[in-house]
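A.B. asks: This is the structure I want to talk about, given as structure tokens.
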Amino acid sequence: MSRYIAKRAIRGANALTIEAELMLQKALAEKGPDTPVSFPNTAYYLPVIYGMTGLEVTTLGQLKDVLQHARSLLHPIPADRHWTPYLGETLDSGMAALLAAEVIEAIRFVYGLQPEPLPGFKLAGGTAFTSPDNGHSGNGDGHLNGPIDDIQLRSWGIQLVDGRMPGFAAIVGAAKSNEVAVKIVRELQQRNILIFLSGNVNGRSIIHQLQEEGVEMGYDTYIVPFGTDTISAIYALGFATRSALTFGGLKGGQARDILLYNKERVFAFVLALGEVDDLKYAAAAGAINFGFPVVADTVIPQILPTGIATYEHVISMPWNEIPGKDDMEKAERLVQKCIEVRGVKVKIARVPVPVPYGSAFEGEVVRRADMRIEFGGKYSRAFEYLRMVEMDEVEDGKIEVIGPGFDDIEVGGHMDLGILIEVAGRKMQLDFEPVLERQVHYFINGASGVQHIGQRDIAWIRISKAAAEKGFNLHHLGDILHARFHADFGAIVDKVQVKIITDPALHAEWLAKAREAYDFRNRRLADLTDDKVDEFYSCTLCQSFAPDHVCIVSPERLGLCGAYNWLDCKASYQINPTGPNQPIPKGRVIDENKGYWEGTNSYAKQGSHGSVEEVSMYSIMENPMTACGCFECIVMVIPEANGVMVVSREDSSMTPAGMTFSTLAGIAGGGLQTPGVMGVGKYYLTSPKFISADGGFKRVVWMSSILKKTMAEELKAVAEREGDPDLIDKIADETICTDVDGLLAWMEQVGHPALAMDPMF
Amino acid sequence: MAKKKRTPQEYSADPAAQEMLILAEELGVGTAFHRADEMPPCNIGSAGMCCKNCGMGPCRLTKDGLTGVCGATIDTIQARNLTRAIAAGSAAHSDHGRDMAFTLKAVANGQAEGYVIRDVAKLRTVAAKYGIPIEGRAPEEIANDLADLYIAQFGQQNGKIAPIIRAPKKRQQLWEEQGVIPRGIDREVVEALHRTHIGDDQDPEHILQHAVRTALADGWGGSMIATDISDILFGTPAPILGQANLGVLREDMVNVVVHGHEPTLSEMIVAASQDPEIIAYAQAAGAKGVNLSGICCTANEILMRQGIPAAGNFLQQELAILTGAVEAMVVDVQCIMQALVGIAQNFHTKIITTSPKVRIKGALHIEFDEHKALTVAKEILRHAIDNFKNRGQTRIPDIREKLVPGFSHEYINYMLGGSYRGSFRPLNDAIMAGRIRGVAAIVGCNNPRSQQDYLHTYVAQELLKQDVLLVETGCGAIASAKLGLLLAEAGLEKVGPGLREVCETVGIPPVLHMGSCVDNTRILTVLTQMVEEGGLGDDIDQIPAVGLAPEWMSEKALSIGVYCMASGAYVIFGGTSPVSGMPDKVSDSDLVSRLMSEGWEKIYGGKMEFVPDPDEMIRRTLAHIDKKREALKLPPYDPSRFGKSGDSRVLELEALPLAERQAALYGMSV
């Protein structure tokens, strides 16, 4: 701190605490102490309060204890002369401000004032299943996001842990101009940095600025508008706290560990745009406790010594003094500085296209009205096919568009498209073809204004009018793929050439060849079983976040995040032989049925640093595999039903276990071995080895309907394999029952096979 | 040495002291300064070349090849003399620790009037270090066990004294290998006396090895125990605004000066002085109340905990009486000049001895007993108040300075991160980056043979300009306080650019007052925590740090120097060396000096040297710091890289009229 900051932060913290006390008094009088308080869809109560104090706040009355604690952390403002030290005191006061801010937001939820209403505002839709406009609050548009829920946190989990999403930027205030606001968020998006927005300067927030400029905000674009006041910045720290609880295996009340976890592992920073007032100083002091530095675009005191944060604590980059020929360059430099101060590791592949490019744009939706052209979908056919060829058959960097471009197609029209990628490399293997081909989805989606859905011959690509106006054409699809395959898979592929095929005859010819290949791969995959390979793979990608967790990935059991199967791991090992995916020789079989090998056991012990002794590959009942926090589903034994339920992370409803996904996740995650509970990837459900030691898929008695819906075909095949074609219909879901009694009644009614199976215990 | 009388300005760098010394001359009253002029030190004794350990001597070894009557060589004699001094120093500190332990025991058993356990958290932390159960137990039960454990350290005969486990692992291992881990505190002192008796240990290296063990029994034993218990009973210090120098004495109040070393009585006098009954009694006597102040380490104890002003350091004990405004000077143990009684006879001041161990002929003795401490404290104050009416003309110098003391290692940990993130990381980071070049501890006494406070403050100010963070204790800390170096403002004005950034970030003075001389163990704890935090090596001797005692005079200082050395520090003493010998006249008479320097450095990584010239002290300090930085592969010290933090720019901005301020917010256009 400096004395100036100490003064203002402590003053802000005192004011905020008093405000919270007054609000609480009023709320207690009006609503009563037993009124429930909560943030939507989180198992972590009021997360900062829970993390820092261990208090599991569920009612208004409990907030009194929180504020009492906050008050004990407040200090007097340092004297003008002969002052006593203030750094520790300011950090404590900052923490008090955070606790008070969370109390205030909780009370606002009680009054229905959160998420903050903002007329005319619309959150970006698409895949966001928990954005308030996509379900739960039910009132559609017209308000900001409010706190991020557990589901979204987990779905970002794998990207946060594997470094694709290097961290988050908490932007507070308003930029110098709308143009600058857009540039700053674009710069951050290009680096795949999550952007949290809050605060205002004289009533004007960066949220207003982006809204006016038509920037899509929502989970899908990595831009999350929390609220237009500074208090809503607490949601950023709630997110940070929950990262530690979710992925770090920490418990509520382990404040110091949670804060240190964030300092070491969560690359976040605060970007204060515009004048900084007392409250912002107070919130910044709170954020510094997390090791998050503050960068401002105005004149404020700099705090350059390090220690609470890894690098400098407070940096002032007065806008007019940032070198640069125009505001755009200045914005770029400002973002650069933020990244430097936090030590954020950003990997970006320079992709030569005329539109912004980065993972943050992966979720962007191109609506029909904004669409220049589409390939695939209802009216046309698009496919993508990556094949390995001999070295001399590839001319690296050659990109051909064979057939007409889309210039002559009317706006909003469609055409057929084939993307043929030919790669060669000394380390390339036939098995890696699908691994690489699956990347096409992510690579193409990274371009702003380009949307990619599906894969293989059900690919569906849209190009927006805006992108087309900027000059984006078919050739650029090839440019993207060439650049990204080299950047991400350079260890495997030496040469890449791309053919974009629109010529009808050639399209038909290659589509047929592609289908042959898909077919071949399907058969190969069906053939690839655990007993046919000598080694499994470890996956310790999450260890930067969940230090004691290890995944063991086998051909019939993919990683619990759903992102890495055995082939992916094998390819990843080729790319980086000392990386997170290492071969595990199975070694001597100990128990084939439960899935114990000497090699897997000894690896589990070593990889978990001794916290796990043994791991069974095929059982949920005995030494089940641990999980970090990024699992797609949770499988949990329902003893009364003699079976298991499967809850999707996209399902926020109650389950027969009496807990929602969020609460269950606390039991399943953090690298802990809990018999009867497992976090898994959803495609593991379809594996013949799915809890095969405990009876296999027939044990599934309840399943989130979203799984039934989205995996209908795959599950149907499983039911047939299990010899009970109607099995899926016999599995209950949340529309049928959400308690054990209801479940048992349903099972009786449909004659679920689990009832007749051997007891699980 | 010729009898050359010095001027008051030559006696002291402190203007308040100078004023009193001028007065002393006017009144024809002698002080330690004058006596130092009149009493040239014995040059043979001061060089460590005289042995008077038996009736065959004293033997003065002033010529090449001479031995004592028993055949003792000069190096044996020097080692023995030094070891005896260290034994006395270790004994003094440790006996203080013992009394604290007995007080804790009495408090735990409800037998100590007026005392409570003020810092239960520290009690639990300390007890837990030794495996004393703490969960679900009353503080008194824990305190009783801890008191028993601590009392047992003094009489323990075998094994290791308990607090040793608080040193860095690697250091403990080294001590183990060297055979210098104290077995019991008293045992080492007794053995030191035994070994140095006529006809015992006569291998200087072997004698010095035991000197190390005896000193460690102080630093990691008696002194550490004393500090722990003082904090538990009277509260762990945290920053507090206080003031120092003779100007803290008041014309309108009964002035009681507490002087000596132990906080037990003085804390109780603090309590008694605020008692309404006593205040009323003082008012009845025509005073506004009782104004308490301290001298020497008693001052430090109550200054850092209660904010009670310090009237001065060691050499100001006589000068305080010269003001004519002191009704009573209450003394306990250590560093109390017998001359006080004589000088007090010129004024109305009563000298009151209180320790059963210390009586001075001509002084009033009111024996302190911790079982009825408050009663005794009130009795003492009544004597003082009764004496107010006898006050004659007063001459209180109008000189005092504010200071912020109270930097216990617990608070340092807190101040660097607050309740949630407290750690030594920011300190280590600052050293690693080079904002702080290194750390120096400036401790120890005053010595009337040099200019009072000059060496302390000259060295301190020069090191601050070189971005060396200072920690101070004892009389050295009071010297810096008088100059305003213990104020946060000094951290902005009197330091190099890197240290300034750190001071401004944390809000600290550049000189951290860590307590009394017994509290030098706090420095050991800080160094240990710096090692544990990581980045500065795995043992204390790798930290870029130096210990200095520029104006040392007591045997305790020698003990402190040696335990710091054995803990890995480079220790520089000013003044004269008790083992200097006369190498120009008697060959090998500097053998022990060399053993303490190069010899110890090879074994302990620390060394102890005597350097009279302050510029040479500074040079060696910086050279050592830079050497340690280089060994740690830290960037070389380069102040030009730092100094861009701080408030100055925003304060300029705030001074602008509102309209301009809005425009200037985004900086100057470039």
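From first to last, the protein sequence lines stand for chains A and B. In terms of my numbering, the first sequence is residues 1 to 761. In terms of my numbering, the second sequence is residues 1001 to 1670. For each residue, glycine too, the CB sits at the ideal point set by N, CA and C.
Identify the contact partners of residue 1634 of chain B in chain A, using a Cβ-Cβ distance below 9 Å as the criterion.
C.D. replies: Against the second sequence, residue 1634 of chain B aligns to sequence position 634. Those within 9 Å of residue 1634 of chain B in chain A number zero; the least Cβ separation is about 14 Å.
A.B. asks: List the residues of chain D whose Cβ lies closer than 9 Å to the Cβ of residue 1135 of chain B, in chain order.
C.D. replies: Looking at the structure shown, chain D is missing, and the protein chains on hand are A and B.
A.B. asks: Which stretch, first to last residue, makes up the beta strand (DSSP E) that contains residue 539 of chain A?
C.D. replies: Against the first sequence, residue 539 of chain A aligns to sequence position 539. Residues 535-539.
A.B. asks: In angstroms, rounded to a whole number, what distance separates the CA positions of residue 1658 of chain B and residue 202 of chain A?
C.D. replies: Sequence index remark: in the second sequence, residue 1658 of chain B carries index 658 (1-based). Sequence index remark: in the first sequence, residue 202 of chain A carries index 202 (1-based). Separation of residue 1658 of chain B and residue 202 of chain A (C-alpha to C-alpha, rounded to the nearest whole angstrom) is 15 Å.
A.B. asks: Give the secondary structure of residue 1456 of chain B by DSSP, where H, G and I count as helix, E and B as strand, and everything else as coil.
C.D. replies: Mapped onto the second sequence, residue 1456 of chain B falls at position 456. In this structure, residue 1456 of chain B counts as helix in the three-state DSSP scheme.
A.B. asks: Residue 760 of chain A to residue 37 of chain A, Cα distance in whole Å?
C.D. replies: Reading the first sequence from its first residue, position 760 is the one you call residue 760 of chain A. Reading the first sequence from its first residue, position 37 is the one you call residue 37 of chain A. Those two C-alpha atoms are separated by around 38 Å.
A.B. asks: Where DSSP assigns a beta bridge to residue 269 of chain A, which residues make up the other side?
C.D. replies: Within the first sequence, numbered from 1, the residue matching residue 269 of chain A stands at position 269. Answer is A:169, bridged to residue 269 of chain A.
A.B. asks: Using a Cβ-Cβ cutoff of 7 Å, what residues of the stretch 1398-1410 of chain B are near chain A? List them in chain order.
C.D. replies: Along the stretch 1398-1410 of chain B, the positions whose C-beta sits under 7 Å from a C-beta of chain A are 1402, 1404, read in chain order.
A.B. asks: How close, in whole Å, do the beta carbons of residue 1125 of chain B and residue 1115 of chain B come, if the pair is a contact with beta carbons under 8 Å?
C.D. replies: Position 125 of the second sequence, counting from 1, holds the residue named residue 1125 of chain B. Position 115 of the second sequence, counting from 1, holds the residue named residue 1115 of chain B. With a Cβ gap of about 20 Å, residue 1125 of chain B and residue 1115 of chain B do not count as contacting.
A.B. asks: Can you tell me where the alpha helix (DSSP H) with residue 1125 of chain B in it begins and where it stops?
C.D. replies: Taking the second sequence and counting its residues from 1, the one referred to as residue 1125 of chain B is at position 125. Taken as a continuous stretch (DSSP letters only), the alpha helix (DSSP H) holding residue 1125 of chain B covers 1120-1129.
A.B. asks: Quick check: is the beta carbon of residue 1309 of chain B nearer than 8 Å to any beta carbon in chain A?
C.D. replies: Here residue 1309 of chain B refers to the residue found at position 309 when the second sequence is read from its first residue. Chain A, which has no Cβ nearer than 8 Å to the Cβ of residue 1309 of chain B, makes this no.
A.B. asks: Have a look at residue 663 of chain A and residue 192 of chain A and give me their C-alpha separation to the nearest angstrom.
C.D. replies: For this step, residue 663 of chain A is matched to residue 663 along the first sequence. For this step, residue 192 of chain A is matched to residue 192 along the first sequence. Approximately 29 Å, taken between the alpha carbons.
A.B. asks: Does DSSP classify residue 615 of chain A as helix, strand or coil?
C.D. replies: Reading the first sequence from its first residue, position 615 is the one you call residue 615 of chain A. In the structure shown, residue 615 of chain A sits in coil (DSSP, three-state: anything other than H, G, I, E or B).
A.B. asks: Any beta carbon of chain B sitting closer than 8 Å to that of residue 782 of chain A?
C.D. replies: As displayed, chain A neither begins before 1 nor continues past 761, which places residue 782 of chain A out of reach and without an answer.
A.B. asks: Could you name each continuous alpha helix (DSSP H) segment of 4 residues or more that falls completely within the stretch 1101-1174 of chain B, going from the start of the chain to the end?
C.D. replies: 1120-1129, 1139-1155
A.B. asks: Please determine, among A:587, A:266, A:608, the residue with the shortest C-alpha to C-alpha distance to residue 598 of chain A.
C.D. replies: In the first sequence, counting from the first residue as 1, residue 598 of chain A sits at position 598. Minimum Cα distance to residue 598 of chain A is reached at A:587.
A.B. asks: Nearest to residue 513 of chain A by alpha carbon, out of A:611, A:610, A:755, A:420?
C.D. replies: Translated into the one-based positions of the first sequence, residue 513 of chain A becomes position 513. That would be A:420, whose Cα lies nearest to the Cα of residue 513 of chain A.
A.B. asks: What residue from A:732, A:556, A:741, A:654 has the CA that sits closest to residue 681 of chain A's CA?
C.D. replies: In the first sequence, the residue the question calls residue 681 of chain A occupies position 681. Among A:732, A:556, A:741, A:654, the Cα nearest to that of residue 681 of chain A is on A:556.
A.B. asks: Compare the C-beta of residue 746 of chain A against all C-beta atoms of chain B and say whether one is closer than 8 Å.
C.D. replies: As a position in the first sequence, residue 746 of chain A is number 746, starting the count at 1. It does not; no Cβ of chain B falls within 8 Å.
A.B. asks: Could you tell me which uninterrupted alpha helix (DSSP H) segments, each at least 4 residues in length, are contained entirely in the stretch 504-583 of chain A, listed from first to last along the chain?
C.D. replies: 504-527, 566-575
A.B. asks: Is it true that the CB of residue 76 of chain A sits closer than 8 Å to the CB of residue 238 of chain A?
C.D. replies: Locating residue 238 of chain A in the first sequence gives position 238, counting from the first residue. Locating residue 76 of chain A in the first sequence gives position 76, counting from the first residue. The answer is no: Cβ separation not under 8 Å.
A.B. asks: Does DSSP put residue 140 of chain A in a helix, in a strand, or in coil?
C.D. replies: By one-based count along the first sequence, residue 140 of chain A stands at place 140. In this prediction, residue 140 of chain A has a pLDDT of 49, which is less than 50 and means its spatial position is unreliable; nothing more can be read from the coordinates.
A.B. asks: Residues in the same chain with beta-carbon distance under 8 Å from residue 693 of chain A, minus the five sequence neighbours each way, listed in chain order, please.
C.D. replies: For this step, residue 693 of chain A is matched to residue 693 along the first sequence. 593, 594, 595, 616, 618, 619, 621, 622, listed in sequence order.
A.B. asks: Alpha carbon to alpha carbon, what distance is there between residue 1580 of chain B and residue 1624 of chain B?
C.D. replies: As a position in the second sequence, residue 1624 of chain B is number 624, starting the count at 1. As a position in the second sequence, residue 1580 of chain B is number 580, starting the count at 1. Rounded to the nearest angstrom, the two C-alpha atoms are 22 Å apart.
A.B. asks: Candidates B:1520, B:1160, B:1119, B:1494: which alpha carbon is nearest residue 1472 of chain B's?
C.D. replies: As a first step, residue 1472 of chain B must be located in the second sequence, where it is residue number 472. Considering only alpha carbons, the answer is B:1520.
A.B. asks: Identify, in the order they occur along the chain, each residue of the same chain with its Cβ nearer than 7 Å to the Cβ of residue 1272 of chain B, setting aside the five sequence neighbours on each side.
C.D. replies: To locate residue 1272 of chain B, count along the second sequence from 1; it is residue 272. Excluding sequence neighbours, residue 1272 of chain B sits near 1278, 1374, 1377, 1378, 1381.
A.B. asks: Spell out a yes or no on whether the stretch 1335-1352 of chain B and the stretch 1042-1061 of chain B are touching, meaning 3 or more CB-CB pairs, one atom from each, closer than 8 Å.
C.D. replies: no
A.B. asks: Using alpha carbons as the reference points, say which of A:382, A:550, A:412 lies closest to residue 504 of chain A.
C.D. replies: If you number the first sequence from 1, residue 504 of chain A lands on position 504. Nearest option by C-alpha distance: A:382.
A.B. asks: Residues of the stretch 328-346 of chain A in Cβ contact with chain B at a cutoff of 8 Å, in chain order, please.
C.D. replies: none
A.B. asks: Any residues in the stretch 1477-1508 of chain B with a beta carbon nearer than 8 Å to a beta carbon of chain A? Which ones, in chain order?
C.D. replies: 1487, 1488, 1489, 1501, 1502, 1504, 1505, 1506, 1507, 1508
A.B. asks: Apply the 10 Å Cβ neighbour rule to residue 1257 of chain B and answer buried if 16 or more other Cβ atoms are within range, or exposed otherwise.
C.D. replies: Residue mapping note: residue 1257 of chain B aligns to position 257 of the second sequence, counting from 1. With 16 or more Cβ atoms within 10 Å of its Cβ, residue 1257 of chain B is classed as buried.
A.B. asks: Which chain B residues are close to residue 300 of chain A, counting only those with a beta carbon under 8 Å from its beta carbon?
C.D. replies: Here residue 300 of chain A refers to the residue found at position 300 of the first sequence. 1650, listed in chain order.
A.B. asks: Rounding to the nearest angstrom, what Cα-Cα distance links residue 11 of chain A and residue 278 of chain A in this structure?
C.D. replies: Sequence index remark: in the first sequence, residue 11 of chain A carries index 11 (1-based). Sequence index remark: in the first sequence, residue 278 of chain A carries index 278 (1-based). Approximately 7 Å, taken between the alpha carbons.
A.B. asks: List the residues of chain B that residue 230 of chain A touches, going by C-beta distances under 9 Å, in chain order.
C.D. replies: As a first step, residue 230 of chain A must be located in the first sequence, where it is residue number 230. The premise fails here: residue 230 of chain A is roughly 17 Å from chain B at the closest Cβ pair, so nothing lies under 9 Å.
A.B. asks: Take the Cβ of residue 379 of chain A as the centre, count every other Cβ of all protein chains shown within 10 Å, and call the residue buried at 16 or more, exposed below.
C.D. replies: In the first sequence, the residue the question calls residue 379 of chain A occupies position 379. It counts as exposed.
A.B. asks: Mind checking residue 631 of chain A: buried by the 16 CB within 10 Å criterion, or exposed?
C.D. replies: One-based indexing of the first sequence puts residue 631 of chain A at position 631. So residue 631 of chain A ends up on the buried side.
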